[in-house]
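Per my numbering, the sequence shown starts with residue 131, numbered consecutively.
Below is one structure, written out as structure tokens, with a few remarks after it.
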Amino acid sequence: MTLASRRPSRKLADRLFTAACIAAIVAVTLILIVLLFSIFKQGIGRLNPQFFTNFTSSIPKNAGIKAALAGTVAVVGLTALFAVPIGVASAVYLEEFADKKSRIANLIEVNISNLAGVPSIMYGLLGLAVFVRWFDLGRSVIAGALTMTLLILPMIVLVTREALRAVPFSLREASLALGSTRWQSIRRVVLPTAMPGILTGIILSISRALGETAPLVTIGAVSYISFVPQSVKDKFTVLPMQVFEWSSRPQVGFHDAAAAAIIVLLSVLLVMNSAAIVIRYKSTTKLGGAR
């Protein structure tokens, strides 16, 4: 069979594959739209000031997300406090200082890449064994934050390294040629240039931590909390766990409350992801203008 005779069959196969991809995208989009419409229709009526100021209750109409919202802020805030400095510092060391031919550096790099793909429940088991039992932190805010730190740390390291690699090597050479030390070049030239990409990765990583439930369920975080955590050693709950608890109840009123909590969680995630997109767009525009 000649090349000319194969062209019509190849074009047909390309068109069929393109049509299948478009059909899959349309189907997934429609399913997502239907789910979001159902959630908004069911939960929009529960979004009132009392829903944000009330604790959870055995009476559906009185149930609120005050404790879950406070716990989410505490856990995610501590997670960012732990994960961001460690992740960025590790990425800077591996990318800028570590010997690329070193076996230890290669081993660390391979392990970080593998850890980024580990299921989140495995981090929950690790947090249960290490933080809850070994360090005897119990089912506390600090134990949850440390567990979520392990979860997002590989992602922060990988994204930060990619952002550092995107900085032109000529900028490093120019800074060194002007008399700067290696650390001064990194601190004053490389990191500011890579910061938009680093911030984008950090925001997306924290967004993942915000929506995770499996690790916190594994370490034993409770879903019925009628107080706001006052210290890092207090028990806690978070929005995803509250949604899970309400959804498992038979009363329709709790399902409405779960839908309203989902709307709140989706709104926060949408704001954070939008911020990441804006940062990425502005950084790309700035770099394009500089060139």
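All C-beta atoms, glycine included, are put in the ideal place defined by N, C-alpha and C.
Values in this document were obtained by computation on a predicted structure and should not be read as measured data.
Out of VAL214, VAL398, LYS231, the CA that lies nearest to the CA of GLY341 is found in VAL398.
Straight-line measurement puts the Cα of GLY274 at about 36 Å from the Cα of VAL319. Linking ASN241 to VAL287 through their CA atoms gives a straight-line distance of about 12 Å.
Here the alpha carbons of GLY268 and ILE409 stand approximately 38 Å from one another. Per DSSP, ALA228 lies in no alpha helix (DSSP H) and is assigned neither H nor E.
Under the DSSP assignment, LEU177 falls outside any alpha helix (DSSP H); it carries neither an H nor an E label. Judged by pairs of C-beta atoms under 8 Å, the stretch 382 to 397 touches the stretch 181 to 196, as three or more such pairs exist.
Fully contained in the stretch 249 to 301 are the following alpha helix (DSSP H) runs of length 4 or more, in chain order: 250 to 257, 271 to 295. Counting along the chain, the unbroken alpha helix (DSSP H) around ILE333 starts and ends at 321 to 341.
With contacts defined by Cβ atoms closer than 9 Å, ALA198 and VAL368 form a contacting pair.
The alpha-carbon of LYS230 is positioned some 18 Å away from that of ASN244. With respect to the 9 Å criterion, SER337 and ASN403 are classified as neighbours on the basis of their beta carbons. At a Cβ-Cβ threshold of 9 Å, LEU294 and VAL222 count as neighbours. Contact between PRO345 and GLY201 does not hold, since their C-beta atoms are separated by about 14 Å, which reaches or exceeds 8 Å.
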